[in-house]
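Residue numbers (this note's numbering): 8 to 316. Beta carbons: idealized from backbone N, C-alpha and C, even for Gly. All figures in this text were calculated on a predicted structure; none of them were measured in a lab.
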Amino acid sequence: WVKNERLVFEAFDDYWQGRPEVDRLVLRPIPEPASRIASLIAGEVDLIDAVPSVLIPQLESYPGVDVQPVGTSRVFFIVLDTTKPPFDDVRVRQALNYALDVESIVAGVARGQGVPVATIIVPGSTGYDATIEPYPYDPERARELLAEAGYPDGITVDFDSFTGSIADHATLAEAIAGQISDAGFNTNLTIYDFGVFSPMRANLDTAPMYAYSYGNWALDVSPIVASLIQGHTGYYYTSEVLDDLITRSNQAMDPDERNALLSEIQQIFKDDAPYAYLYQHAAVYAKSSSLNFTPRSDEILRFYPLSTD
Numbered sequence: 008w009v010k011n012e013r014l015v016f017e018a019f020d021d022y023w024q025g026r027p028e029v030d031r032l033v034l035r036p037i038p039e040p041a042s043r044i045a046s047l048i049a050g051e052v053d054l055i056d057a058v059p060s061v062l063i064p065q066l067e068s069y070p071g072v073d074v075q076p077v078g079t080s081r082v083f084f085i086v087l088d089t090t091k092p093p094f095d096d097v098r099v100r101q102a103l104n105y106a107l108d109v110e111s112i113v114a115g116v117a118r119g120q121g122v123p124v125a126t127i128i129v130p131g132s133t134g135y136d137a138t139i140e141p142y143p144y145d146p147e148r149a150r151e152l153l154a155e156a157g158y159p160d161g162i163t164v165d166f167d168s169f170t171g172s173i174a175d176h177a178t179l180a181e182a183i184a185g186q187i188s189d190a191g192f193n194t195n196l197t198i199y200d201f202g203v204f205s206p207m208r209a210n211l212d213t214a215p216m217y218a219y220s221y222g223n224w225a226l227d228v229s230p231i232v233a234s235l236i237q238g239h240t241g242y243y244y245t246s247e248v249l250d251d252l253i254t255r256s257n258q259a260m261d262p263d264e265r266n267a268l269l270s271e272i273q274q275i276f277k278d279d280a281p282y283a284y285l286y287q288h289a290a291v292y293a294k295s296s297s298l299n300f301t302p303r304s305d306e307i308l309r310f311y312p313l314s315t316d
């Protein structure tokens, strides 16, 4: 291991599943997407992750390169500071949700690799309630709600995003900033490197709204809502009602009773709108055609099954 340069693995002959087919595996940190792609095209690496969706057509044009999108449990959303104006008012939070044309964002930023969501819960999760539908795109309703909240001329708000982590946060934020201005939300967008933004987020020292994503690898409603509400760093919203429902759902032994509680939790998340909900993320990998690799929906890279033709 050489810090910030490489991590080298050698095949273990006595592994319980049998010796891996790949004798030597080298992991290299390459923070910039363009550099990762250039390394793959040049044959310097065989597999890259976090490919920005906007670059899929470019990669697909190269012979010997396979692009592999996979639906994940990760949700893109906007975190709102609900502790002070303007997002301490539920009408402003709902207005922001109405101001977002998520289908257009998925088609553009994500190149169709995403599914709009009603809350932070993705389909397929235990307890997921499919009857709760996403906010429709309705800029007129957004302006009405802003006016009711005391902002008839709209609002101007700072907005943070970042590069250097899961792909598309910065591109996503730029698209959002341009879109929501039509509904009365004018933003001052700042894009940080993730290494700078991460401690800001942990210390709740962000702008009143910031773009983020969260992966729910347990595929159950309870863990993700608990982590966003019950003491997890980086989130402003709290709710005694949700605390009680989460605790009761964790203690419920009857599946029907538990699902009813989880459904109630999801409805509150939609109605109270502590976040602006966007879409279920599709992770995009690209690899050499000679590499046999199957991406996972939990975004965990498991290297044992790797092989080459």
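- Residue range Phe192 to Asp200 is occupied by the beta strand (DSSP E) that includes Asn195, with no alpha helix (DSSP H) assigned at that position.
- The beta-carbon distance between Val116 and Leu179, rounded to whole angstroms, is 5 angstroms. This is short enough to meet the 8 angstroms contact definition.
- Distance from Ser295 to Gly131 at the Cβ level is roughly 30 angstroms; contact not present, criterion being Cβ atoms closer than 8 angstroms.
- Shown here, Lys294 sits in a strand according to DSSP, grouped into three states.
- A buried status is given to Leu153, since no fewer than 16 other beta-carbon atoms sit within 10 Å of its beta-carbon.
- A direct Cα-to-Cα measurement between Ser304 and Thr89 gives close to 31 angstroms.
- Shown here for Gln65: same chain residues with a beta carbon closer than 8 angstroms to its own, the five before and five after excluded, namely Ile44 in chain order.
- Per the coordinates, the alpha-carbon of Tyr217 lies some 15 angstroms from the alpha-carbon of Pro92.
- Annotation: the continuous beta strand (DSSP E) that includes Pro76 extends over Val72 to Leu87.
- DSSP places Val99 in the uninterrupted alpha helix (DSSP H) bounded by Val97 to Ala106.
- Here Arg13 carries a strand assignment [DSSP, helix/strand/coil].
- Around the C-beta of Pro146, 16 or more other C-beta atoms lie within 10 Å, and the residue is accordingly described as buried.
- In this chain, the alpha helix (DSSP H) harbouring Gly115 covers Val109 to Gly115.
- Residue burial is scored here from C-beta neighbours: Ala18 has fewer than 16 other C-beta atoms within 10 angstroms and is therefore classed as exposed.
- Taking C-beta atoms as the reference points, Tyr292 and Pro76 count as a pair closer than 9 angstroms.
- With respect to the 9 angstroms criterion, Phe84 and Tyr243 are not classified as neighbours on the basis of their beta carbons.
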